[in-house]
Amino acid sequence: MKTQGILTLLAAGTLFMACKNNLREDIKPGSDKPAATTELTGTYAEQIFTGLDFYNGYAANAYTDAGGVIYLNNTVALKKISLRGKADSTATFKGELRIYQRGDGYDRDGQLYFLRDSVVKALLTNQTTFDSAAKSRIDAYAPKTGYLYVTPFFYWYQSIKSVPYTFDLKDVASLLTGKDSVWVALSAWGTHLDQSDWVGKNEPRSFSADFSITADNNTTNANPTYIQAVQFGRIADAAGNNSRTLTKTITIPYRLRNAKIVVVSQAWGAGSGGEEYTYRTHNVSWDNTQIGTFSSKVACGPNTMRSYDISSSPRNWCPSEVVPPHTISISGTIAAGSNHTVKVDIVNAKADANNNFKLSVYIAGEKY
0 MKTQGILTLL AAGTLFMACK NNLREDIKPG SDKPAATTEL TGTYAEQIFT GLDFYNGYAA
60 NAYTDAGGVI YLNNTVALKK ISLRGKADST ATFKGELRIY QRGDGYDRDG QLYFLRDSVV
120 KALLTNQTTF DSAAKSRIDA YAPKTGYLYV TPFFYWYQSI KSVPYTFDLK DVASLLTGKD
180 SVWVALSAWG THLDQSDWVG KNEPRSFSAD FSITADNNTT NANPTYIQAV QFGRIADAAG
240 NNSRTLTKTI TIPYRLRNAK IVVVSQAWGA GSGGEEYTYR THNVSWDNTQ IGTFSSKVAC
300 GPNTMRSYDI SSSPRNWCPS EVVPPHTISI SGTIAAGSNH TVKVDIVNAK ADANNNFKLS
360 VYIAGEKY
């Protein structure tokens, strides 16, 4: 029902050698300080994507880069923006997404993520154009700050052509309003349904999307002033096999207080007894000490349609919904330049050829 890309060892080696000396954007003092825009009032809205089309994830490239929109492949597109001078770093930030079913009616994997412009420039390795190699490096880069969602499940048969999603973007306020521009990436993985009763049978697109970000400058929030990505994507062991445990060691370049670990967990596996239908406990550790736990339990609500590969009452895979984030507070303060180990263990989970987990994990806090 769902498919994901495989990072080859060759691509990983190329990415590491090309970027290891350039991707320390978080080490640059002051490079991500938010703009001092406390005088801003009212609500600012920026339309980032309008009628953004996605295509068959299995097929040859069908997209065209245009209007500042860069496609990494048929299912992922990104665009550079900056809200500096338009939105205050303490505003209330929301991401408003609308997904339209086209040639695919299934509930598929969706992603929204952010990359600093300095990171993208480093991944371009001094190029000015996005050739296929550069696009592959960006797509494979794991420390992205992002969110996950699931596309609708055959809503078109119910005379519903699109579904709205709302993302709370408070944690990325410093990215949106900082000195460095940010690339916003949107993904809807899909394919082509050839079944005769599907209304989009001859439609070349899988999904389409509109996406905007709004900032309510009339509100004042204690949004994090620093964010650092840890993981975005499928978790695997050193050999590339699916794993139930993520362990990453990171360097925090700034002094932080009121810090937190945010985890978004999405289970894959729709077969009998698959991980999409089994609640799992997640244990979160900081420097080898467990500091929090949460369950993957999500109240999806019953599906109004049945098919061979989806339950009438899914648990960990909820069509038409944003995958919920889970926040774990880090006690005390974090010293500048200190190394820390983040671990997420999904207790008793199956991680095999038919079951895997996609995680978005990041650290956010207040610089002082």
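Everything in the sequence shown is counted per numbering that gives the first Met the number 0, starting at 0 for the first residue and increasing by one.
Positions of the beta carbon are idealized from the N, C-alpha and C atoms, including for glycine.
Residues of its chain near V297, where Cβ-Cβ distance is below 6 Å and the 5 sequence neighbours each way are ignored: The sequence position of residue 297 within the sequence shown is 298, counting from 1. Excluding positions up to five away in sequence, the list reads C317.
Where the alpha helix (DSSP H) through S131 begins and ends: Here residue 131 refers to the residue found at position 132 when the sequence shown is read from its first residue. Residues 131-139.
Rounded C-alpha distance that separates V171 from L147: Counted from its first residue, the sequence shown places residue 171 at position 172. Counted from its first residue, the sequence shown places residue 147 at position 148. C-alpha separation (whole angstroms): 15 Å.
Residue of F153, P223, N72 minimising C-alpha distance to S328: Position 329 of the sequence shown, counting from 1, holds the residue named residue 328. With distances taken between Cα atoms, S328 lies closest to P223.
Cβ-Cβ distance between A187 and T150 below 7 Å: Translated into positions along the sequence shown, residue 187 becomes position 188. Translated into positions along the sequence shown, residue 150 becomes position 151. Closer than 7 Å, so yes.
Three-state secondary structure assigned by DSSP to Y154: The residue you call residue 154 lines up with position 155 of the sequence shown. It is helical.
Pairwise C-alpha distance: I212 and Q46: By 1-based counting over the sequence shown, the position of residue 46 is 47. By 1-based counting over the sequence shown, the position of residue 212 is 213. Rounded to whole angstroms, Q46 to I212 spans 7 Å at the Cα level.
Cβ pair D344, N282 closer than 7 Å: Start at 1 with the first residue of the sequence shown, and residue 344 comes out as number 345. Start at 1 with the first residue of the sequence shown, and residue 282 comes out as number 283. Contact flag set, yes.
A172: first and last residue of the uninterrupted alpha helix (DSSP H) it sits in: By 1-based counting over the sequence shown, the position of residue 172 is 173. Here the alpha helix (DSSP H) through A172 covers 172-176.
Test item: CB-CB of A228 and K143 under 7 Å: Translated into the one-based positions of the sequence shown, residue 228 becomes position 229. Translated into the one-based positions of the sequence shown, residue 143 becomes position 144. Yes, Cβ-Cβ distance for A228 and K143 is below 7 Å.
Three-state secondary structure assigned by DSSP to L122: Taking the sequence shown and counting its residues from 1, one reaches residue 122 at position 123. In the structure shown, L122 sits in a helix (DSSP, three-state: H, G or I).
Beta carbon proximity, T176 to chain C, threshold 7 Å: In summary, chain C is missing from the structure at hand, where a single protein chain is found.
Alpha-carbon to alpha-carbon, T89 and D64: The residue labelled residue 64 in the question sits at position 65 within the sequence shown. The residue labelled residue 89 in the question sits at position 90 within the sequence shown. D64 and T89: Cα-Cα distance of roughly 34 Å.
Touch test, the stretch 111-121 against the stretch 189-207, Cβ-Cβ under 8 Å, three pairs minimum: no
Beta-carbon spacing of F210, L185 below 7 Å: Position 211 of the sequence shown, counted from the start, is the residue given in the question as residue 210. Position 186 of the sequence shown, counted from the start, is the residue given in the question as residue 185. It is a contact, given that the beta carbons lie within the stated cut-off.
DSSP three-state assignment for Y276, whether helix, strand or coil: Translated into positions along the sequence shown, residue 276 becomes position 277. Note: Y276 maps to helix in three-state DSSP.
Sequence-distant residues of the same chain with beta carbon closer than 8 Å to C18, five excluded per side: For this step, residue 18 is matched to residue 19 along the sequence shown. Because the pLDDT at C18 is just 47, under 50, the model does not fix this residue reliably, and the value given afterwards should be weighed accordingly. Closer than 8 Å at Cβ, skipping near neighbours: A121, L122, T124, R136, Y140.
Environment of T91 [buried if 16+ CB atoms lie within 10 Å]: On the sequence shown, residue 91 is found 92 positions in, with the first residue counted as 1. It is buried - the Cβ of T91 has at least 16 other Cβ atoms within 10 Å.
Residues that DSSP places opposite W285 in a beta bridge: Against the sequence shown, residue 285 aligns to sequence position 286. BP columns for W285 point to T288, V341.
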